[in-house]
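Here the structure is laid out as structure tokens; the discussion comes afterwards.
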Amino acid sequence: MAKVTIEGKTVEVENGTTVIRAAAQAGVEIPHFCWHPGLSVAGNCRMCLVEIEKMPKLAIACATQVADGMVVHVNSEKAVEARKAVLEFILINHPLDCPICDEAGECNLQDYTYSHGPGHSALEEAKNKKPKRVPLGPNVVYDAERCIMCSRCIRFMDEIAKEPTLTFVERGDRVYIDTFPGKELNNPYSMNVIDICPVGALTNRDYRFKARVWETSSTEGICTGCSRGCNTNIWVRNNEILRLTPRLNSEVNNYWICDNGRLNSFGHVNSEKRLNTPLVRKDGALQEVGWDEALSSAADALKPFSKDEVAVIGSPYSSVEDNYILQKFAKQVLGTTNIDFLQHSVDGDEDTFLIRADKTPNAYGAREVGVSSSKGTDVKKIFELIGSGKIKALYVMDDDIVTSKETEELLAKLDVLIVNHWVESKTTQLADIVFPSATFAEKYGTYVNFLGRVQLSRPAVSTLEQERVPGRFNMSRLDNFGSAFDKWNKGQRRNVRSSWEIISAVANLLGGKIRFQSAQKVFDEVAQTNPSFKGLSYAKIGAKGAPLSKGPVGKKSKEETLV
Amino acid sequence: MGNNGDENRKREMNLWEKLYFPEILHGMGITLRAFFRPKFTRQYPEERWVPPPVFRGRPVLVVEDETGVERCVACGLCARVCPSLAIQVQAAETELDKERYPELFEINMLRCIFCGFCEEVCPEEAIIMSKDYELNFSDPKDAIYGKDRLLTPASHLSDRLAFLKQYR
Ligand code: SF4
Ligand code: SF4
Ligand code: SF4
Ligand code: SF4
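Heads up: the sequence lines are chains U and C, in that order. No gaps in the numbering here: position 153 of the first sequence is 153 in the numbering used here, and each next residue is one more. Remember, the numbering used here sits 563 above the position in the second sequence when you count from 1.
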């Protein structure tokens, strides 16, 4: 261990720690561009110059290791002057592009120029011209003029994606980034370079020019693209999800997320096929009805059947709370053990980094709370029993179970099919009663990833039932100050409810007693009754998740540093 | 009768005032003097006032005369700085060199307080205060000015542009 004093604060750190990491532990921020905690040290931007006593010259904090008794001055006159000069140097050829640049508002260069910069340039010469709007791959656009040649993107492709794709070409002030000949930046993790690029040189084709960061709110979410459950920030403006970015969690995804999760895991929330009102089949066609009518129709429809004639299908897409209430409904109210969920694994579509074959976020959790065939009938058997006419009523929660022509024909044989889902699907088209349910982005819910880590997702999109109010939601400036009369504040709030609420209501109409005020209360009961969840609560899970009290657990906790 | 006036402001009238008649003559004298003073009322709307360049009328977007392209790059700073949240900007990509342009630009003139902050913050001198003070609507929807009513050729705004060059 080494004792170092940084800006008057003394911390004890392990030998071999770099000054920049030690400073982070001491709570001192050292500006930097090329250094990234998840990548190797390059030391090329010189922004992290600090003064270290007894050293003849200023040293870069990212590559200098601590020594016992070291005294570091981050904000001494010499260090501040040096950083000013570095910034002026970086800005020599950097365009005055912030009004156009997508990074503005979340740009390290902009922030540091504001807080550490000289405020003027000593140079009057025209800035040099370089390639702009270069598509490096299907999702990433490159602007060489804005690039400060920090090499983060190159190192990411080499070290994390393990597919060297990018390199510097040319020299001096003509240098820029390009792909190797014949290569394209189309790695499944390629878009992470956009997040780590400290400037606006790499932009997201999907998000380019869509919104300013200060117009949006950002909420801690969980990616529902596969059973890894990468931690995300959900960026919302006008009640519409605009993008997902990865959120640091060293137990799950570190700083990264895959492109598929980033681009495709929220499409259903904004989808045009979103269900927006309960539907009941009358005279052969699904018709829009109110909640009360739909709920009582569901209860009436289920009443005549005995426990062997009904089955329920849970969902690995839904939260622990939804699945818990569903199994409670099945076991306590319907009295059936015909309960299971459909697997959604794509064999072979996985890798050794983040992407998992199981394309659902909560298969582990659903199984854990009892939506499984361990003591009852599995999906295959349920389908067989439907075929033979033994099962006459089916309740499907948050899943599209029509995977083939045969299942479609099977479901047509049912007397009653009740479906909760967020979008119109083949299953909802066959249903007799359809409840529009809330997606992961519209409710509190926990998801258990394949490692057995319970993670909490918070609502980012408001619904008719749940208004966007501070405390429950993260608010943007526009959310805070816009009125109901502003055109830009009229984003659609859908008439949907969480599946656990819908199912509780149906259960209670059938004489059950499933009464919870919130998803949090549901989870508290799960924690009390299920040994795997023992001792857990929303507070304990927090933003970073917590392991189940049994089962495989992630690697041991590491300290988490600043980006 | 309630007494909601300030007690301290009550003043006893003097003898002349109490007599009443001399005060009437005094008042008529004031009116008479005004007859011979220069007139400054105006026969609006036949006669219209053209404000000086310092005047802050409704904000407009500047269009370059030569190219017919708006200056605005949809950076959103005016919308951010606007204290009354009057401005909505939606950016989009253009094939032009400047990359970015406002696909939608709306100012809600019922919200605007003519502070001129948008003009001050704009990095492109793209939104400036015009001389237009004649705003009337019969429907709140009409008060939302889109690009069709905001875009104004720079040649029509030369006064204000020259003023800004000089004083900003
Ligand atoms: S990269 Fe940053 S500093 Fe450069 S133009 Fe974009 S926002 Fe401005
Ligand atoms: S593109 Fe961005 S990450 Fe890559 S070298 Fe340039 S500034 Fe760094
Ligand atoms: S500040 Fe100027 S350039 Fe930016 S959006 Fe407003 S008018 Fe356009
Ligand atoms: S003049 Fe002031 S209130 Fe009106 S649009 Fe501009 S910033 Fe907003």
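Ideal placement from N, C-alpha and C gives every residue a C-beta, glycine not left out. Every value quoted in this text rests on a predicted model; they were computed, and no experiment measured them.
Using a Cβ-Cβ cut-off of 9 Å, residue 422 (chain U) is close to nothing in chain C; its nearest Cβ partner there is about 27 Å away. Between the alpha carbons of residue 211 (chain U) and residue 676 (chain C) lies a distance of about 25 Å. Comparing alpha-carbon positions, the option among U:431, U:546 and U:166 lying closest to residue 448 (chain U) turns out to be U:546. If you compare the alpha carbons of U:207, U:415, U:348 and U:343 with that of residue 306 (chain U), the shortest gap goes to U:415. With a threshold of 8 Å, the Cβ atom of residue 234 (chain U) does not count as near ligand 2, since no heavy atom of the ligand is closer than that. Chain C places a beta carbon closer than 9 Å to that of residue 478 (chain U), counting this residue as a contact. Excluding residues up to 5 positions away in sequence, 307, 308, 310, 311, 312, 330 and 376 lie with their Cβ nearer than 8 Å to the Cβ of residue 336 (chain U) in the same chain. Relative to the non-hydrogen atoms of ligand 4, the Cβ of residue 597 (chain C) never comes closer than 8 Å to any of them. Within 8 Å of the C-beta of residue 639 (chain C) there is not a single heavy atom belonging to ligand 4. For residue 626 (chain C), the closest C-alpha among the options C:617, C:712, C:726 and C:731 is that of C:712.
For the pair residue 605 (chain C) and residue 687 (chain C), the CB atoms are not nearer than the 9 Å cut-off.
The residues 652, 653, 654, 655, 663, 664, 665, 666 and 668, in chain order, have a CB closer than 8 Å to that of residue 637 (chain C) in the same chain once the five nearest residues on each side in sequence are set aside. Relative to the non-hydrogen atoms of ligand 1, the Cβ of residue 144 (chain U) never comes closer than 8 Å to any of them. Taking C-beta separations shorter than 7 Å and ignoring five residues to either side along the sequence, the partners of residue 294 (chain U) in its chain run 278, 280, 433 and 435, following chain order. Taking 9 Å as the cut-off between beta carbons, none of the residues of the region 302-315 of chain U comes near chain C. Following the DSSP letters along the chain, one finds residue 49 (chain U) inside the beta strand (DSSP E) bounded by residues 49-52. Of all residues in the region 201-218 of chain U, only 208, 209, 210, 211, 212, 214 and 215 place a beta-carbon less than 9 Å from a beta-carbon of chain C. With its beta carbon at least 9 Å from every one in chain C, residue 82 (chain U) lies outside the interface. Per DSSP, residue 726 (chain C) lies in no beta strand (DSSP E) segment; the continuous alpha helix (DSSP H) that holds it begins and ends at 721-730.
Within the region 712-724 of chain C, not one residue has a Cβ closer than 8 Å to any Cβ of chain U. Residue-level contact check: residue 349 (chain U) does not touch chain C, since none of the beta carbons of chain C fall below 9 Å from its beta carbon.
By the C-beta criterion, the region 617-632 of chain C is judged not to be in contact with the region 85-101 of chain U, since fewer than 3 inter-stretch pairs fall below 8 Å. Secondary structure of residue 421 (chain U) (DSSP, three-state): strand. Residues of the region 69-101 of chain U that bring their beta carbon within less than 7 Å of a beta carbon in chain C comprise 99 and 100, in sequence order. Straight-line measurement puts the Cα of residue 243 (chain U) at about 14 Å from the Cα of residue 140 (chain U). Under the 9 Å criterion on CB atoms, residue 582 (chain C) is classed as non-interfacial with respect to chain U. Counting only runs of 4+ residues, the alpha helix (DSSP H) found wholly inside the region 350-382 of chain U occupies 363-368, in chain order. The Cβ neighbour count for residue 670 (chain C), taken over all protein chains shown within 10 Å, is at least 16; the residue is labelled buried. Nearest C-alpha to residue 144 (chain U) among U:241, U:117 and U:177: U:177.
Three or more Cβ pairs closer than 8 Å define a contact, and the region 497-505 of chain U falls short of that threshold against the region 221-238 of chain U. Separation of residue 442 (chain U) and residue 420 (chain U) (C-alpha to C-alpha, rounded to the nearest whole angstrom) is 15 Å.
Cβ-Cβ distances below 6 Å link residue 233 (chain U) to 218, 245 and 247 in the same chain, with the five nearest sequence neighbours on each side left out; the list follows chain order.
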